[in-house]
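Asker: The sequence shown begins at 3 in the working numbering and counts up one residue at a time.
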Amino acid sequence: MRNLFAALVSAVSALCRWGTLAAIGVLIVVVTIQVLGRIPGFPSPPWTEEVARFALVHLVAFSCGLALLRGELVNVDMFILLLPKPLQTAVARLVDVAILVFAIAIIPGAWDYVVGSLGERARSINVPMIWVYVVTLIIPVSLAFFSIARLAGLGRDSAPPSHGETV
Numbered sequence: 003m004r005n006l007f008a009a010l011v012s013a014v015s016a017l018c019r020w021g022t023l024a025a026i027g028v029l030i031v032v033v034t035i036q037v038l039g040r041i042p043g044f045p046s047p048p049w050t051e052e053v054a055r056f057a058l059v060h061l062v063a064f065s066c067g068l069a070l071l072r073g074e075l076v077n078v079d080m081f082i083l084l085l086p087k088p089l090q091t092a093v094a095r096l097v098d099v100a101i102l103v104f105a106i107a108i109i110p111g112a113w114d115y116v117v118g119s120l121g122e123r124a125r126s127i128n129v130p131m132i133w134v135y136v137v138t139l140i141i142p143v144s145l146a147f148f149s150i151a152r153l154a155g156l157g158r159d160s161a162p163p164s165h166g167e168t169v
């Protein structure tokens, strides 16, 4: 059962990595078009600003679960690193449980938000807004899934900072 779950975590991680890469690729292309649009004579389409915002939101949605799995979310290192190693592990697990509870708590609201967006369309690019609003569901589902993976021992904690971040 653990091997099956580990394979699922690996597959979802790969999907999130590809989603992150796609979002950053779109962001790079759109921002390049925006920058080039400042050159006289180069067309500057009006949809680039909206697509850049959407790509940035998708970038966060696909990468936040991966950051959690790797133990790279924002953390209070100064407090945790002062604790003995067993307590550091206990605090990390407590944080994983807190993230899991919070993520599960907001999934129903995120689902309602996505369902409520059915029929809406983006103004400048005329695409269904569900593609944008779905990130409100991706984020809590991803955080819940990867926090379960961490609690099952499949994640890794990042190495303590080594370049002067803690005193």
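In this text, a Cβ means the ideal position worked out from N, Cα and C, and glycines have one as well. Since the model is a prediction, treat every value here as computed from it, not as a measurement.
Taking DSSP's pairing of strands, which residues face PRO130 in a bridge?
Answerer: Answer is ARG123, bridged to PRO130.
Asker: Kindly give me the distance between the Cβ atoms of SER144 and GLY67, rounded to whole angstroms, as I take these residues to be in contact under 8 Å.
Answerer: Their Cβ separation, rounded to whole angstroms, is 3 Å, which keeps SER144 and GLY67 in contact under 8 Å.
Asker: List the whole-angstrom C-beta distance separating THR22 from PHE64, where the pair is believed to meet the contact cut-off of C-beta under 8 Å.
Answerer: Their Cβ separation, rounded to whole angstroms, is 4 Å, which keeps THR22 and PHE64 in contact under 8 Å.
Asker: Determine the direct distance from the alpha carbon of THR34 to that of ARG40, and round the result to whole angstroms.
Answerer: For ARG40 and THR34, the distance between alpha carbons rounds to 10 Å.
Asker: Buried or exposed: where does PHE7 fall if 16 or more other Cβ atoms within 10 Å of its Cβ makes it buried?
Answerer: Exposed: under 16 other Cβ atoms inside 10 Å.
Asker: With distances taken from CA atoms, which of SER119, LEU120 and LEU61 is nearest GLY27?
Answerer: For the residues SER119, LEU120 and LEU61, the minimum Cα distance to GLY27 belongs to LEU61.
Asker: With LEU70 and SER149 assumed to form a contact (beta carbons below 8 Å), what rounded beta-carbon distance in angstroms separates them?
Answerer: Right, the Cβ-Cβ distance comes to about 6 Å (below 8 Å), so this counts as a contact.
Asker: Taking VAL76 as the reference, which of PRO88, PRO45, VAL59 and VAL97 has the closest Cα?
Answerer: Looking at the Cα atoms, VAL97 is the closest of the given residues.
Asker: Pop quiz: TYR115 and THR138 are said to be a contact at Cβ under 8 Å. What is the actual Cβ separation, rounded to whole angstroms?
Answerer: Correct: roughly 5 Å between the Cβ atoms.
Asker: Anyone know if the C-beta pair for GLU52 and ILE141 falls short of 8 Å?
Answerer: No.
Asker: Between which two residues does the alpha helix (DSSP H) containing TRP49 stretch?
Answerer: Run containing TRP49: none; DSSP gives neither H nor E here.
Asker: Residue range of the alpha helix (DSSP H) that LEU23 falls in?
Answerer: Taken as a continuous stretch (DSSP letters only), the alpha helix (DSSP H) holding LEU23 covers 4-38.
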